[in-house]
Each structure stands twice: as structure tokens, then as C-alpha cells.
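In what follows, a structure is listed as C-alpha cells, so that the remarks can point back to it.
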Amino acid sequence: MEKAAVLAELQRVGLVPVLRADSVQQALEFADVIASGGVTVFEVTMTVPGALQVMRILAEQRPDILIGAGTVLDPETARICILEGAKFVVSPALNFKTIEMCHRYSIAVLPGALTPTEIVNAWQAGADVVKVFPASAMGGAKYLTALKGPLPHIKMIPTGGVSLATAKEFLDAGAFALGVGSDLVNIKALSEHPRLVTEVARKYLDIVQEFRQDKP
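If you're matching positions, the sequence shown starts at -15 in this note's numbering and goes up one per residue.
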């Protein structure tokens, strides 16, 4: 999939679940139950034991899922993830060489930044989208609104503090898509009531779709 198509799909789905799990099997179970709810984008974080194996299996067995690599801290890790099938690379921080590596492979890159200076530096360095993290620490959706005022041209994905209760606020603030953590990728819910995870995924999609329908 070309980079432009990857970015279009990220925006279309409107959600990037941050997949953290305790094992390969658990990560694959999350992928199945969340995809059953219609969310077909995943950020497999490098904190998952066997994360590369998860990416490889999903790339081979689930062509319907857009796989990204998360918590990528350096260009060497980015390259390995790309070779295992990652179609976009996400980081909690800004590393210029990681951006360069993704450009080399024509892969969408979403570095993390928090302050206006960091966000502008990331954009000028070639970020396709900037991950605003941790958004909750700076006031959540209100902070994103403040950022988008002087920086309307920069695509931003807020991560941290996104929940069913706050999702619409972040979309109203101008989010390109939403980075969703434990509110959706809930290990306890997966082990006890996996259908609840699927239902939460559907609810997030409903919020995104309703927002777009109401948007003039």
C-alpha cells in the first residue's frame, strides 16, 4: 500500500488503537476482537513481547488490517519493523534519523511531540502526522484546540486521555485521528468479556462517523 493510501486509511478509520499486550497470542486476540468491531488499524508497540512476530503474522494472515509499529525509538528498529510488514511507524518522541529512515522506505511516520516547538520541528523534518503525546498531561482536547489555532496545517493525532467520553471533543479540536489506549485495548476485558472490546470498537467508530456526518 502506498504511503498516501496509508494516510488516507488512517484518516478514514479515524482511530489508531495502541496495542499493548503481554504475549503474541494476546496481541493477536486483540487484533481479532477489535477488527470484528470494524477498526482495522493497529499500532503494535515494541513493548509487546514478540512484537515483530505479531507484525509478521498480521501482515501474512490479515491483509484487511493496516499494521503500524509503535514505540519505535530509533531508525534501526524502524527498519526492522518495516521489513516485517509495518505500513506506518509511530514513536512517543521525536528522532530525526527515524524520520529519515521512514522516508527512505516511503513509509508514513508519526513521531511524538508535545510542545509547539517540538511539533513544528517534527513537521518540518518530514513527519506525515504528529502524535501529540501525552495529550492528557496538557489539558486534553483544549490543548489540541490551542495548538491547532496557530498550526492548522499540521496533522495531529492526540494520544493519552482519549476515551469514549472525550473522543468527540478531540475530533472537534481538529484531530486527524485518535490514538486510543487502554480504554479500548483493555486486557481485563479481553480475558473476561472479549465481546465488550468489540463493542467499544464499534462505539468509537460510531463517534467518528457521526462527527463526520455532522461536519459541514
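C-beta atoms are modelled at their ideal positions from N, C-alpha and C, and glycine is treated no differently.
In the DSSP assignment, L3 falls within the unbroken beta strand (DSSP E) covering -1 to 3. For F26, the beta-bridge partners assigned by DSSP are I51. Looking at the DSSP output, T143 sits in a beta bridge with G163. A Cβ-Cβ separation of about 6 Å places L168 in contact with A185 under the 8 Å criterion. For the stretch 96 to 154, the full-length alpha helix (DSSP H) segments reaching 4 residues or more read 100 to 108, 125 to 132 along the chain. Closest in C-alpha terms to L12, from the list R46, L(-6), E(-7), comes R46. Looking at the DSSP output, V74 bridges to L94. If you draw a 10 Å sphere on the C-beta of A121, you find fewer than 16 other C-beta atoms in it, and that means exposed.
Looking at the backbone, the Cα of E44 and that of A19 are separated by about 16 Å. In terms of Cα proximity to T182, the closest of G21, K(-13), R(-4) is G21. Separation of D58 and V164 (C-alpha to C-alpha, rounded to the nearest whole angstrom) is 23 Å. Take the alpha-carbon of P1 and the one of E153: they are about 18 Å apart.
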